[in-house]
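Structure first, then comments.
Numbering (my numbering), first residue to last: 3 to 162.
Structure follows, in structure tokens:
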């Protein structure tokens, strides 16, 4: 079941990848610093997912001005995500939800996507510094890109 706008986002642990190494990550340790954008995507190196993360890369300065940190999340291994970061020259970190627990907790998991079992749905959750969900978008169609203007609009509203 997906979390709703206004709810506190579920805490989670995952592996955070920076293109070189990976280490433990806990959402609750990121709260209080800045707003967070959690962008779930199905598969590293697939065409739509590559377009999505590259859009976040290209708009990185905009998100910074909106006092937001972007983390993209998939069920890929940390090794795959580090290779993806390097290949796409990403300027933000990726989270490995290899055990699928984060996607499941956020209601963002395809149980069966064209024969692939347990794949993240393309989804966006914007969290304010306290962890409250400001914006939520979940797509059952993996070919649909998020509305980046809406994501940025929710972050602008958080600054008021």
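Think of the CB as a built atom: it goes at the ideal place given N, C-alpha and C, for glycine as much as any other residue.
Give me whichever residues DSSP pairs with residue i in a beta bridge.
i           : result
residue 134 : 10
residue 37  : 70
residue 85  : Answer is none; residue 85 lacks a bridge partner.
Ignore the nearest five residues each way along the sequence and tell me which others in residue i's own chain have a CB closer than 8 Å to its CB.
i          : result
residue 93 : 59, 62
residue 4  : 108, 109, 110, 138, 140
residue 7  : 135, 136, 137, 138
For the candidate residues the options, whose alpha-carbon lies nearest to that of residue i?
i           : options            : result
residue 44  : 127, 123, 162, 138 : 123
residue 149 : 48, 21, 57, 20     : 57
residue 160 : 98, 41, 130, 74    : 130
residue 31  : 24, 133, 42        : 133
residue 74  : 86, 114, 120       : 86
residue 162 : 15, 68, 19         : 68
residue 157 : 142, 70, 23, 20    : 70
For the alpha helix (DSSP H) holding residue i, just list the boundary residues, first then last.
i           : result
residue 107 : 103-107
residue 157 : 150-160
residue 30  : Where residue 30 is concerned, there is no enclosing alpha helix (DSSP H), given that its DSSP letter is neither H nor E.
Does DSSP put residue i in a helix, a strand or coil?
i           : result
residue 23  : coil
residue 58  : helix
residue 128 : strand
residue 146 : coil
residue 16  : strand
residue 122 : strand
residue 42  : strand
In its own chain, which residues sit with a C-beta less than 6 Å from the C-beta of residue i, not counting the 5 before and 5 after it?
i          : result
residue 72 : 39, 58, 65, 94
Can you find the residues in the same chain that come closer than 7 Å, C-beta to C-beta, to residue i, ignoring five residues on each side of it along the sequence?
i           : result
residue 52  : 90
residue 120 : 77, 102, 111, 113
residue 153 : 39, 126, 128, 137
Could you spell out where the beta strand (DSSP E) holding residue i opens and where it closes?
i           : result
residue 114 : 111-115
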